[in-house]
Structure formats: structure tokens, C-alpha cells
Amino acid sequence: MTVFIFLTFFYKNMKPSYFKGITGDFFYTLLLSIHFFKNECLFLSTMATILITGGTGLIGKELTKKLTSKGHVVNILTRTPKKNNEFRWNVKESFIDKDAFNNVSHIIHLAGAGIADKRWTNERKKELINSRVKTANLLFNKVQEYQVPLEKFISASGIGYYGAVTSDKVFTEKDKPENDFISKICVKWENAALQFEQIDIPVTILRTGVVLSKNGGALQKMNTPLFLSALGNGKQYMPWIHIDDLCELYSKAIEDKDFNGIFNAVAPEHQTNESFTKLLGKSINKPVLPMNAPSFILKTALGEMAYILLKGSRVSSKKTNSNYTFIFPTLKTALTNIYNE
Numbered sequence: 001m002t003v004f005i006f007l008t009f010f011y012k013n014m015k016p017s018y019f020k021g022i023t024g025d026f027f028y029t030l031l032l033s034i035h036f037f038k039n040e041c042l043f044l045s046t047m048a049t050i051l052i053t054g055g056t057g058l059i060g061k062e063l064t065k066k067l068t069s070k071g072h073v074v075n076i077l078t079r080t081p082k083k084n085n086e087f088r089w090n091v092k093e094s095f096i097d098k099d100a101f102n103n104v105s106h107i108i109h110l111a112g113a114g115i116a117d118k119r120w121t122n123e124r125k126k127e128l129i130n131s132r133v134k135t136a137n138l139l140f141n142k143v144q145e146y147q148v149p150l151e152k153f154i155s156a157s158g159i160g161y162y163g164a165v166t167s168d169k170v171f172t173e174k175d176k177p178e179n180d181f182i183s184k185i186c187v188k189w190e191n192a193a194l195q196f197e198q199i200d201i202p203v204t205i206l207r208t209g210v211v212l213s214k215n216g217g218a219l220q221k222m223n224t225p226l227f228l229s230a231l232g233n234g235k236q237y238m239p240w241i242h243i244d245d246l247c248e249l250y251s252k253a254i255e256d257k258d259f260n261g262i263f264n265a266v267a268p269e270h271q272t273n274e275s276f277t278k279l280l281g282k283s284i285n286k287p288v289l290p291m292n293a294p295s296f297i298l299k300t301a302l303g304e305m306a307y308i309l310l311k312g313s314r315v316s317s318k319k320t321n322s323n324y325t326f327i328f329p330t331l332k333t334a335l336t337n338i339y340n341e
């Protein structure tokens, strides 16, 4: 090892002109090879094989691109595998293809039925919980059954943990959950993830706000054909995050062994639904109606689900910001990136 360090130092500090003749050329080439071999070894040592659930969704697709661009290997769990890096799983059958865990060091759990995709019937509520909790439980059982040497379990969660509360309070990771349905989902979701700590596997949980992306999600739903409109009184807060920042946080959870625990994945800037809608209108040159969409119409159309649109908490990013520098800390910079670049 001492010789290796000496040769590397020698290579960095000697000029090519110092090496003359056939022997010198050979020696310089040898040092050059050793230097690049060392760098390649360092690069390979940081690579990870990551198993992702929910990899075919909006966040999963973007995250897969991000991780593979950094040299990581990504395996995806899906009910209908079609690609070489996709593996079958079926929660009802308690089945996961064992090959999905080959060389896996990290699991990112993104799976979960869309919160706002369908009206909240009793059956839908069960699906919203089970698609997050039962999937995490299955992963927990299979990691033990297959004796997977997992380094970390990383899970999504939501800022809904703090409940649909519109107030001046700024919620932090230390605050207790509310008692509404969306909060109960998040509590069960996080508890399912935290059980990995029982088998000495570190856990990182990202309580995620509204994800902004040019490829779908909330912005696509807000961008109606003719005009925009704030919802209810428009005073409810909308904690948000650009998808690039969210993917970087997941990447950090993989590459930083100390980035463990629970973090709010929201940008530092607070926006209400009204201010968000106005800034979105300016960004896409679309008029915003002077009258907000009435609450009673949303409640009639959406039922119980309407409250996640009509209420919203202000959530702190202070803990996250102390570990990570946001690429898009303001809504203006985020929307400019999405719509003008």
C-alpha cells in the first residue's frame, strides 16, 4: 500500500519530460495506468445496486435516470416486468423474484396508489394504505428470508403526516401527527419502513410535498385548458419540491451514510395555493380567475378527499437544508426551469 501511495504521488508531481527513453516511457505509462486504475476503483467503490418499488411512476422514472447517470445499478419491482432490470412481485401472493435482490445494497420504497387519483371510498382507503404498508412488510420479510446484506432502506412518505391544517405554525420533523385519514396513512407507512431498524438496517424517510415536474403530476392537473383558479379561500399552504431536488435527496440518502432519519422533502419557500396559482399563471401565460373555485363544489365532486386540497400546512425544510443545498429553493426558479428551459 505504501508503494502504491508513493507511485501515485510520484506520478502527480513529476512531468512527462522527466521520463526519457524506452525505460522512461514504460515507467511513465505504468504510473499513468496505476493512477487511473486507482480512480476507477474509487468510482466503483461508490456504485450501488438499488432496488426500487414504484419505479414506473413519475418519481421512479426520473430517479432511475438520475441514479444510472451516476453509475449506480437499478433494479425495479413491477407486476409485469418487461425489461432486463425489471423483476416481478405480487403482494397478494407474498412473492418477490429472488433475483431482484442480487447484489442489492439499498432499497427505495416509492410504491403506493395515487392519493388524489380516485374518490376515497372505504375500499379505496384500504388500497391507499395497503399499497404502501403491505408492500413494505413484504420487503421486510423477504430481506430477512433471503438474507440480503442491505445497507439502508429508504422510503417515501408525505407531508400529510402533519395533517391538513392551515395555520401560522411551521411544522418540523419533531411534531406529532394529526388524526385525519391522510395523516394515518403516513404514520402506518413510516412505521412499516422503520421496522428495518429492528434488524440493524438504517432508515431514511422523505416526507414529500407537491412534486413539480414537466412530465406530469400536480402541475399537469392544475394546468387546465382555458384558465387557472385558486381553490377555496386560497390561503392553504402548498409545500412543494422540484423533482430534481427530490431525486438528489434520494441520491444523497444512498451516497451519504450519515443521511439517516426523517426529513421534510420540501423547498424552503412557503407558498399558499393562491400565490402558487398566480405564479404558475405568469409562468405559462394563462389567466387566473379572480374568483376562486368554491369549496362546496370541490366537496361535492371529491367528497372527503377535497380537504387535502382545501387545507394545507406550512412545513419546515430547515433540517433538510442543513444537509443539502436546494437547486430550486424558490417557486419562481422551479417554474422557470420547468416551462422556459
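One point on numbering: in UniProt numbering, the residue at position 155 of the sequence shown is 155, and numbering is uninterrupted.
From the three backbone atoms N, C-alpha and C, an ideal C-beta is built for every residue, glycine too.
Here the structure is a predicted model, which means the values were calculated and not measured.
Check	Outcome
Option nearest F326 by Cα separation, candidates V288, E248, K257, L280	E248
Helix, strand or coil at G163 [DSSP, three-state]	coil
Exposure of E274, with buried meaning 16 or more beta-carbon neighbours within 10 Å	buried
Cα-Cα separation between K118 and L63, rounded to whole angstroms	25 angstroms
Where the alpha helix (DSSP H) containing I129 begins and where it ends	122 to 145
Option nearest A265 by Cα separation, candidates S157, C186, M305, S213	S157
Three-state class that DSSP yields for A100 in the structure shown	helix
The segment 319 to 337 touching the segment 180 to 189, judged by at least three CB pairs closer than 8 angstroms	no
For G312, three-class secondary structure by DSSP	coil
Straight-line Cα distance separating I107 from Y250	11 angstroms
Per-residue burial, N122 [other beta carbons within 10 Å of its own, 16 or more giving buried]	exposed
Spatial distance of D256 from I115 (CA atoms)	30 angstroms
Cβ-Cβ separation, I262 to A164 (assumed contact under 8 angstroms), whole Å	With a Cβ gap of about 19 angstroms, A164 and I262 do not count as contacting.
Secondary structure of G54, DSSP reduced to three states	coil
Buried versus exposed, by CB contacts within 10 Å (16 or more), N75	buried
Helix, strand or coil at A48 [DSSP, three-state]	coil
Secondary structure of K152, DSSP reduced to three states	strand
Per-residue burial, A230 [other beta carbons within 10 Å of its own, 16 or more giving buried]	buried
Identity of the residue in F101, P225, E127 nearest K92 by Cα	E127
Given I50 as reference, the closest of I182, L298, F87 once Cα atoms are compared	F87
Straight-line gap, L212 to A218 (C-alpha atoms, nearest Å)	7 angstroms
Opposing strand residues paired with Y237 [DSSP bridges]	T272
Euclidean distance between Cα positions of F153 and G160	21 angstroms
As assigned by DSSP and simplified to three states, the class of L110	coil
Boundaries (first-last residue) of the alpha helix (DSSP H) holding N191	181 to 194
Whole-angstrom distance between G55 and K61, CA atom to CA atom	6 angstroms
Buried versus exposed, by CB contacts within 10 Å (16 or more), D200	exposed
Alpha-carbon spacing of Y162 relative to P268, whole angstroms	17 angstroms
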